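These notes are about the structure you will find just below.
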Amino acid sequence: MKDYIRKINYYETDKMGVTHHSNYVRLMEEARIDFLDQIGCGYDKLEPQGIISPVIGVECQYKKPTTFGDSVRVCVKIIEYKRVKLSFSYAMYNQSGELVFTGKSFHCFLNSKGMPTSLTKGFTEYDEILKKYVVSE
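In our numbering, the protein residues as written are 69 to 205.
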């Protein structure tokens, strides 16, 4: 898996010149989408089949600030997968390799009617892929 790398934009900083805390959640999403695309479970494959995966929770810890122009490398891992629930961990590093952020996001799988659905029922290809990428914390 290739880590997700992105530069911090000027509009993502606050009056103090540091990246506003809310933008780290966006970086988590961008990196998660990139990770899922890399493993073959992208939203562009799941959603046309009637499967959505909303965020049901996030945890964030800010370690060091980043500023406009900094490159941030995001490492994404699946830390839990239980057919209907999926959890990711994130570690973000600045261009010097210093840890600047850690986080987790928690998701579920819903069908087109908004009801919880298991990927083991009719979506075994995605179930097998996700199981393969689960790592312990």
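No residue lacks a Cβ here, since even glycine has one placed at the ideal position from N, Cα and C. Small disclaimer: the values here were computed from a predicted structure and weren't measured.
- With 16 other Cβ atoms within 10 Å as the buried cut-off, status of SER164: Here residue 164 refers to the residue found at position 96 when the sequence shown is read from its first residue. Exposed, by the Cβ-count rule.
- Excluding the 5 residues preceding and the 5 following ILE120 in the sequence, name in chain order all residues of the same chain whose CB lies nearer than 6 Å to its CB. For the purposes of this step, residue 120 is taken as residue 52 along the sequence shown, with counting starting at 1. Residues LEU178 of the same chain have their beta carbon placed closer than 6 Å to that of ILE120, with the five preceding and five following residues left out of the count.
- In this structure, does DSSP put ARG100 in helix, strand or coil? Mapped onto the sequence shown, residue 100 falls at position 32. Helix.
- Under 8 Å by Cβ, that's how I've got ILE146 and TYR201 pegged, so tell me the actual separation to the nearest angstrom. In the sequence shown, the residue the question calls residue 146 occupies position 78. In the sequence shown, the residue the question calls residue 201 occupies position 133. The Cβ separation is near 5 Å, so the contact holds.
- Can you pull the DSSP bridge partners for SER164? Walking along the sequence shown from the start, residue 164 turns up at place 96. None; SER164 has no bridge partner.
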